[in-house]
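Converting from the sequence shown to our numbering requires adding 4 to each position, the first position being numbered 1.
Just below is one structure, and these are the notes that go with it.
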Amino acid sequence: MQYPIAMLKTDAVFYVTIPDISELEVQGNTMAEAVSNARMAVFDYMHQCVSTDRPFPTPSVLGSHLNDSKFAGYIWAIVHIEVARVTGDDTELTIRLPARLMSQLRQKFPTSDINEVIMHALTQHLAK
């Protein structure tokens, strides 16, 4: 999953905002440290989601934030989190879906990873 992050540089610190996980507050003395700290914060947050059976926050598209005035002057980056590293080992599964169902999935979730959509649906179904 790829989460956009917005960094605001002050005199000595980069403050990081993660629009999709607004409760996280991250900073770093350098841009590299700020990005690394943001990645670790998102990774830890996702571990908390797994341990409390909450879904992962849906990553937004970076472009959706670029013209937002509250992020004027921010520097943007992306942090990538491998879901398998958070949830544990993966088992690869190949499934066949009717073309109509696949078309509906793509229309309903145009920017989402279909694997993530299916995994989320299965997780919710098993929780019932």
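Just so you know, even glycine gets a beta-carbon here, dropped at the ideal spot from N, CA and C.
Note that the structure is predicted; figures quoted are calculated from it, not measured.
Status (buried if at least 16 other CB within 10 Å, exposed otherwise) for residue i
{"i": "threonine 21", "result": "buried"}
{"i": "asparagine 41", "result": "buried"}
{"i": "proline 118", "result": "Residue 118 is actually isoleucine in this sequence, not proline. Exposed, by the Cβ-count rule."}
{"i": "valine 65", "result": "exposed"}
{"i": "methionine 4", "result": "Only positions 5 to 132 of the chain appear in this structure, which leaves residue 4 out of reach."}
Residue range of the beta strand (DSSP E) that includes residue i
{"i": "histidine 84", "result": "79-84"}
{"i": "phenylalanine 18", "result": "18-21"}
{"i": "methionine 11", "result": "6-13"}
{"i": "valine 30", "result": "30-32"}
Own chain residues within Cβ distance below 7 Å of residue i, not counting five before or after
{"i": "tyrosine 49", "result": "Ile25 and Leu28"}
Extent of the continuous alpha helix (DSSP H) to which residue i belongs
{"i": "valine 134", "result": "The question about residue 134 has no answer, for the chain in this structure spans 5 to 132."}
{"i": "alanine 38", "result": "35-55"}
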